[in-house]
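Peer 1: Below is one structure. I have some questions about it.
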Amino acid sequence: MYQINDMIVYKNSGVCRIEDIGIPCFVETQEQYYQITPIFDLNGKLYVKINRDKLMFRSITSLEEAELFLSELPSMNGIYNANDKTREKEYRDILKACECKQCLSMLKGILRERNKKLETGKTLNMTDERNLQRVEKLLNDEFSIVFNITTEQAKLRINNAMF
């Protein structure tokens, strides 16, 4: 069980802090909830039921894990399926699970494809561009917290490790 002030990663909301654990005033049952606040959206509040079969969040990546992931990034396979529909489903599943290593593989795949397209004067389609923005935000936010740097510095650190 998580504790108040623990840092977690919650689905597409990214890095959040557990602000409270209890029964919200708007709930009529006696079920306990985590009240979480996204770190980069302090006005947002989310409530997640504690006794769900599968929690949709995880602990933030440790410093050691983040350094290991970055060291493995050059040899990591990028995820980019040639079939648009299959790729969109894969990316949706990766973003929902929000596992750091999978997100890094997704980022690498999209960036590699973008670079290939740029060489021929083309650009990514809108869906890939949107997924690129989502995965970059999730990773940059998490790595900025882990390494105690700005999100822009986190982006540079990830990109430098990748290529």
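Okay, so the sequence shown: first residue is 0 according to numbering that gives the first Met the number 0, each after it adds one.
Yeah, the Cβ is synthetic: ideal placement off N, Cα and C, and Gly gets one too.
Which partner residues does Tyr45 have in the DSSP bridge list?
Peer 2: Your numbering for residue 45 matches position 46 in the sequence shown. Looking at the sequence provided, one finds Leu at residue 45 rather than Tyr. Answer is Ile35.
Peer 1: Since Tyr90 is in the alpha helix (DSSP H), which residue starts that stretch and which ends it?
Peer 2: Counting from 1 along the sequence shown, the entry for residue 90 is found at position 91. Start and end: Asp83 to Ala96.
Peer 1: Count the other CB atoms within 10 Å of the CB of Ser70; is the residue buried (16 or more) or exposed (fewer)?
Peer 2: Translated into positions along the sequence shown, residue 70 becomes position 71. Answer is exposed; the Cβ neighbour count stays below 16.
Peer 1: Take Gly77 and list the residues in its own chain whose beta-carbon comes closer than 7 angstroms to its own, dropping the five residues that flank it on each side.
Peer 2: Walking along the sequence shown from the start, residue 77 turns up at place 78. Cβ within range, chain order: Ser104, Lys107, Gly108 and Arg111.
Peer 1: To the nearest angstrom, report how far apart Leu155 and Lys100 are at their CA atoms.
Peer 2: Taking the sequence shown and counting its residues from 1, the one referred to as residue 155 is at position 156. Taking the sequence shown and counting its residues from 1, the one referred to as residue 100 is at position 101. Roughly 17 angstroms between the two C-alpha positions.
Peer 1: Along the chain, where does the beta strand (DSSP E) containing Arg16 start, and where does it finish?
Peer 2: Within the sequence shown, the letter at position 17 stands for residue 16. Per DSSP, Arg16 belongs to the beta strand (DSSP E) from Gly13 to Gly21.
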